[in-house]
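Residue numbers for the sequence shown follow my numbering, beginning at 671 and rising by one. The beta-carbon is built from N, C-alpha and C at its ideal position, and this holds for glycine as well. Please read these numbers as outputs of a predicted model, since none were measured by experiment. Written below as C-alpha cells is the structure these notes are about.
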Amino acid sequence: MKIIMLGAPGAGKGTQAKMIADKYDIPHISTGDIFRANIKEGTPLGMEAKQYMDKGLLVPDELTVKILLDRVAKKDCQNGYVLDGFPRTIPQAEVLDKALGERGDRIDHAIDVDVPDENIVKRMGGRRACLSCGATYHIEHVPPKQEGICDVCGQKLVLRDDDKPETVQNRLNVYHEQTQPLIDFYRNKGILKTVDGTKDKEEVFETIEAVLKA
Ligand code: AP5
Ligand code: MG
671 MKIIMLGAPG AGKGTQAKMI ADKYDIPHIS TGDIFRANIK EGTPLGMEAK
721 QYMDKGLLVP DELTVKILLD RVAKKDCQNG YVLDGFPRTI PQAEVLDKAL
771 GERGDRIDHA IDVDVPDENI VKRMGGRRAC LSCGATYHIE HVPPKQEGIC
821 DVCGQKLVLR DDDKPETVQN RLNVYHEQTQ PLIDFYRNKG ILKTVDGTKD
871 KEEVFETIEA VLKA
C-alpha cells in the first residue's frame with residue numbers, strides 16, 4: 671500500500687503517518703525528518719536545506735526528489751510506504767508518478783488532512799518534536815508521558831526552528847501557493863480522500879483507516 675499524506679504544515683500529517691506506518695507495518699518517510707536528521711549531523715545536504723527551511727521556504731526540487739527516489743527504492747519499501755511531506759509541488763508529484771509508472775506501479779491513496787489556518791497557528795507553538803526519531807507531541811493535545819522526553823526513544827524534545835510564528839505564516843503561504851494544487855492533481859486521478867484533521871488524533875486515524883479499507 672502506497673500512501674501520500676497531504677495537508678498544511680501542522681495539520682497532523684506526521685502524527686497520522688506514524689500511526690499508519692505502525693498499524694500496516696510499512697515505513698514512514700518524511701522528507702522534513704530526513705532534512706532535519708541531516709541538519710543535526712551537519713551534512714552538506716543539511717546545511718543547504720536549512721537555509722530554506724528556516725525561512726519557511728521549500729527546499730529546491732532538485733535536492734528533494736533525488737533523496738526521496740533513493741529512499742523509496744530501498745528494500746523495506748517493497749510492500750509500500752507512507753509519504754509525509756512529499757510531494758509538495760506539482761513537478762515533484764510528476765517525477766514520482768513517472769518513476770513509479772516505469773516500474774508498473776502507482777500511489778494507491780492520497781489523504782488530505784484538512785485543518786484551517788487559524789487552528790494551525792495555535793497548534794504550532796505547542797508542538798514539541800524529537801529530532802532523533804521524528805515523533806511529535808503537543809504540550810496540551812498530545813503530551814509525552816514525561817515532560818520534554820520522547821516516549822519512543824527517550825531523547826530530549828525541542829521546539830523546531832521553523833515553528834516560530836512568523837515562519838509558520840510563511841510556511842502556510844508557501845503551502846497555499848505551491849502544495850495545495852496537489853489536491854486537485856490527486857482528485858483528478860481519483861485517489862484523493864479528505865479527512866477532517868480538527869478532530870482528536872484517534873478520531874482522525876479511525877477515519878483514515880476506514881478510507882484505507884474502502
Ligand atoms: P515538514 O517537516 O514536512 O513540515 P510541515 O509540512 O511544515 O509539516 P509539519 O511537520 O510542521 O506538520 P505535520 O502536518 O507533520 O503535523 P504534526 O503531526 O507534527 O517540512 C519542513 C520543511 O522541510 C518545509 O518547510 C520545507 O522547507 C522542507 N521540505 C520538506 N519536504 C519538502 C519537499 N517535499 N519539498 C521541498 N521542501 C521540503 O502535528 C502538528 C502539531 O499538532 C503537533 O504538535 C501534534 O502533536 C499536534 N496534533 C496532531 N494531530 C492533532 C490533532 N488531531 N489534534 C490536536 N493536535 C494535534
Ligand atoms: Mg511533520
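If you reduce the DSSP assignment to three classes, tell me which class residue i lands in.
i	result
D695	coil
R841	helix
M671	coil
C747	helix
Please report how far the alpha carbon of residue i lies from the alpha carbon of residue j, in whole angstroms.
i	j	result
K710	Q762	25 angstroms
E788	L766	31 angstroms
R793	P786	11 angstroms
H846	M675	16 angstroms
P865	I790	Contrary to the premise, residue 865 reads as Val rather than Pro in this sequence. The alpha-carbon atoms of V865 and I790 are separated by roughly 15 angstroms.
K826	C800	7 angstroms
R798	D831	11 angstroms
E873	G726	29 angstroms
Would you call residue i buried or exposed, if buried means 16 or more other Cβ atoms sit within 10 Å of its Cβ?
i	result
A884	exposed
P757	buried
T713	exposed
C823	exposed
D833	buried
V844	buried
Looking only at C-alpha atoms, which of the options sits nearest to residue i?
i	options	result
L770	L739, A799, I696 and K859	L739
G702	D754, K745 and K725	D754
H698	G750, K745, T734 and A681	G750
G796	Q839, T734, G680 and C747	G680
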